[in-house]
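Note that the protein sequences, when read in sequence, are chains A and Z. The opening residue of the first sequence carries number 13 in the numbering used here; numbering runs sequentially from there. The opening residue of the second sequence carries number 11 in the numbering used here; numbering runs sequentially from there.
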Amino acid sequence: MPAFKVFPATRVVATPEAINTANWPKDSLVLPLALDEVLVLEKINSEFLDDPHSIIVSDTGFTGAWISADVGLEFLERCCEWELPQKRPAFAQGAVADIPVKLWFEEDRILFLTPGPYAIALENRMK
Amino acid sequence: MNIKNISRQFTYDGKAIQFKEGDSVLVAFQRSGIHPTGGGCLCLAGDCPHCIATIDGISYVRTCQVLARKGMLIESHPPDGAPLMSRDDWQEPGVIARNIYCDVVVIGMGKSGQNAASEFAHTDKKIVTLDAQAGQEVVGIYPGPLVVARTEDGMLHVHPREEIIVASGAAEIHPVVPGNHLAGILTARAALKLAAAGVKMNHIVAIGTQPEGLDAERVVGELIRFEGNERVEAIVVINENGIENRIKCDTVSIGLGLYPRDTLVRMGHDMAVRAVGAAAREADIPPCPKAGTVCHCANVTVEDLESVRDLGFYELELLKRGTLAGTGTCQGGICLPYIRSFLADKGEKLQPPFTARPVNRQLTIGEMAAGSYHHTTPRTSLDAEHRQLGARMERFGGWWRPWNYGNILEEYWAVRQAVSLCDVSTLGKMLVSGPDALELLERLYPTKVSTIKPGRSRYALLLDERGYVLDDGMICRDEETRFNLTFTSGGSTFCELWVRDWAEFWGLDVRLLNQTMSLGAINVTGPLSKKLLGRAGLDDPPNFLHHKTVMVAGVECRIFRLSFTGETSFELHHATSDSVSLWRSLLKLGSDLGIKPHGIETLLTLRLEKGHIIVGQDTDFDSTPRRINHNWAVKLEKPEFIGKQSILRTNKIPLNRQLVGFEQDGSPPNEGAVIWKKNEYAGYVTSSGFSHVINKSVMLGWLEFFNNELPKEVIIDGRPAYRVSTPFYDPEGARARI
């Protein structure tokens, strides 16, 4: 199991319209946390968004790791009491092993992210 | 003894028992003439409680459902009471639960189960089949729906989207007559199975409907009783002319009809659960029992049923609760048909079966807990630093926090006389932005938010619609349309929902971001805190109740000047990735200033000396601002805010109690101590501690009014205590503004 590390990111809160029409930087991973909020896994500024009142803040509060799909799915099968998306790529979030987790599924790997205060607990439960 | 025999041998209560390949444990017992519970009709189908034993440390195992294996350690259950729990259970590895998602789950793969599954053969639906015979024993259906099954490899949690099909067949009805506790009584199917396994049963008499192929003496008539001493020796039947007939025997095969195994169906009565095959059949209702044990699990006799019914328990559910029949090992597998028959015979209509609730099998604690996790307590980004400094960590406000670092006096005086750090990362932190941000906060808070200028902060209460205090914290205005809010550590999650719900309900144009988990916060407090921050590169710290963004020891911080301790204080909010670096730098820079970190234990005393409340500890569910002496935090001249109308109404009612301060000589009483006015109850203490600056115990507590006045002298902990105004320390608040 790879060691967890901080994923420097940018949290963006804006109108759903601005979120939907934003020109996110190419190749950046944008996780849709809510209709009006995304987590961009890199540092960005407001030039991508059309909302003067948007909140755009750097965030080092998420910790996690890329896990191979087979190991990640085996863990999720045991510890996730909600149905996972079947398509790839896909985003999902919810309680996993009683810890708030954000998941990004790719064909051969899964990104597990959790707020830093829960990182030790999730790492221990994934061992 | 030859080697072949040893290879098929297990131990039962210290004795070696041999078995044949393919034997269940119960069949092996029967070959040796053993009845694992001493007596009672055996079904060999997992329906009754008469074959249970402890196998390899697991109690309440139905031995008819377990294949005999070499080396098993089997113990009988005590005749009275429950088997002891193994002391070594905690050493067992956790039981794993696996989650499976499907469209339809079929429980039971006999003929009707196979037929049901085949309905979906040419569809794209995902079907999961669970079959006890294949080692997947379904133990419960929960809302969700969730079907839980036990397997050798752990638990299966199956989540069907559309339907649960129960094809669990039908159970045989057991006899309820005197003597039904004896050994040697079998249901008809059980007798046939034992015969097929070659178990010697000697002279068998068969009564009622019997399957083909059993070599037995057929007896006609109504079964009256079994006779024998431990093992059945004869049965007595009565014919249609009322004549009794006693027939000697070694074994009895009973065919009294079938009862659908519908426990799972009843568990899922409000879900998409469908019974098929024999599980859906009408139940055969046996004759009303006249004597004998009805429920072997709870040891309930027909006489017990009658005495409880005579008390007025005419409903099936009430009779169950009154007698406990149906609440034991087999969950009504034997007694349910008889209790229904009993009540119908007493003039009631035939009542439907009683409610079934999961689980219907005895599970180990590990099996019950499979897939569940202990609630996680979050840790701040400084958690490891606290532990390295020797802190005693406690759960407080929903987080792991340092309670103290070993010497609370040193921590206390560092704050009052030098400089100290406190990890306050747990505070709720929320950003509010948008054209309607001010409007939202004006409606939410009882303070005049519009008068907070950008760069300034204000303490504020958060009230509910009834005017009761929900939480407290700071409103910090960054720009005209952008605010930072703080909440208590324990209240932050609720407050986020509170703010979001109202913003949505009012349809206001705002953006909200909870940063509680993303930002660390260190409180630098004490008379030397400015000096320390100067060393960290901050030459121009903000004034009291001001805030700005600055660099401190190379870390970008949003610095808020406020005070919970009563001393000059600066809260440094920063990225969690910088917490350790900032913490270490400040400790190093302040090493010759007498810097010490302080924990929650010290913080609680410091804030108590200032009379600062802790919402939830000093407030009650119905605490209004007036009751906690915080009228100054409420601006009733504002047009409208949540709780205003209630406050206007309750302000017209005389106060009956108020949160006030007390001083007392000697050690502080326990929090929660009763306050007396002579012999009359007068309230209770909510916070207490010894104030080292005043050299007295100080307290906050709820005090009742007597004749519209608050008593000045009271008794707490058997000693006099005196009501005083708060703050106890530095009432002018000068030290926080230095």
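C-beta atoms are modelled at their ideal positions from N, C-alpha and C, and glycine is treated no differently.
Legend: CB atoms of the stretch 15-37 of chain A lying less than 7 Å from CB atoms of chain Z belong to residues V18, R23, V25, A26. Under the three-pair Cβ rule at 8 Å, the stretch 51-64 of chain A does not count as touching the stretch 100-112 of chain A.
Z:I485 and Z:R521 have their C-alpha atoms roughly 16 Å apart.
The Cβ of Z:G444 sits closer than 9 Å to at least one Cβ of chain A.
The DSSP-derived three-state label of A:S66 is coil.
The C-beta separation of Z:A289 from Z:S128 comes to about 17 Å, leaving the pair out of contact by the 8 Å criterion. The beta carbon of A:R137 sits closer than 9 Å to some beta carbon of chain Z. The three-state reading of DSSP puts A:S80 in strand, counting E and B together.
The continuous beta strand (DSSP E) containing Z:C432 extends over residues 430-433. When rounded, the separation of the alpha-carbon atoms in Z:K121 and Z:N239 is 41 Å. Rounded to whole angstroms, the gap between the alpha carbons of Z:I27 and Z:G357 is 50 Å. Interface with chain A (9 Å Cβ-Cβ cutoff): Z:R389 is included. Secondary structure remark: continuous alpha helix (DSSP H) runs of at least 4 residues inside the stretch 642-721 of chain Z, in chain order: 654-660. In the same chain as Z:A244, and ignoring 5 residues on each side of it, the C-beta atoms closer than 8 Å to its own belong to F236, E237, G238, R256, I257, K258, C259, in chain order. For the stretch 100-112 of chain A, the residues whose beta carbon sits under 7 Å from a beta carbon of chain Z are, in order, A109, D110, I111. About 5 Å separates the beta carbon of A:I68 from that of A:V24, a gap short enough to meet the 8 Å contact definition.
Counting every other CB atom within 10 Å of its CB across the protein chains shown gives Z:T461 a total below 16, marking it as exposed. Beta-bridge partners assigned by DSSP to Z:L233: Z:V247.
The straight-line gap separating the alpha-carbon atoms of Z:H167 and A:L96 is approximately 14 Å.
In summary, Z:F716 is exposed, with fewer than 16 beta-carbon neighbours lying within 10 Å of its beta-carbon over all protein chains present. Going by C-alpha positions, Z:L204 is about 56 Å away from A:I132.
When the beta-carbon positions are compared, Z:Q674 and Z:D727 come within less than 9 Å of each other. Look at Z:R291 here: in three-state DSSP terms it is coil, with no helix or strand label. Taking 7 Å as the Cβ-Cβ cut-off, the stretch 107-133 of chain Z approaches chain A at A107, R108, N109, Y111, given in chain order. At a cut-off of 9 Å between beta-carbon atoms, A:G73 makes contact with chain Z. Of the other Cβ atoms in all chains shown, fewer than 16 fall within 10 Å of the Cβ of A:W94; this residue is therefore exposed.
Per DSSP, Z:I217 lies in no alpha helix (DSSP H); the unbroken beta strand (DSSP E) holding it starts and ends at 214-218. Within chain Z, no C-beta atom comes less than 9 Å from the C-beta of A:P97; the nearest is roughly 11 Å away. With a contact defined as Cβ atoms closer than 8 Å, Z:D482 and Z:L495 miss out at about 11 Å. At a Cβ-Cβ threshold of 9 Å, A:T72 and Z:D588 count as neighbours.
Chain A places no beta carbon closer than 9 Å to that of Z:D511, leaving this residue out of the contacts.
DSSP, reduced to helix, strand and coil, places Z:R271 outside both helices and strands of the structure shown, so it counts as coil. The distance from the Cβ of Z:P93 to that of Z:C340 is about 16 Å, inconsistent with a contact at the 8 Å cut-off. With contacts defined by Cβ atoms closer than 9 Å, Z:A308 and Z:G338 form a contacting pair.
Within the same chain, Cβ atoms closer than 7 Å to the Cβ of Z:Q668 are found at R637, N639, L713, L720, the five residues on either side in sequence being excluded. In summary, Z:H279 is exposed, with fewer than 16 beta-carbon neighbours lying within 10 Å of its beta-carbon over all protein chains present.
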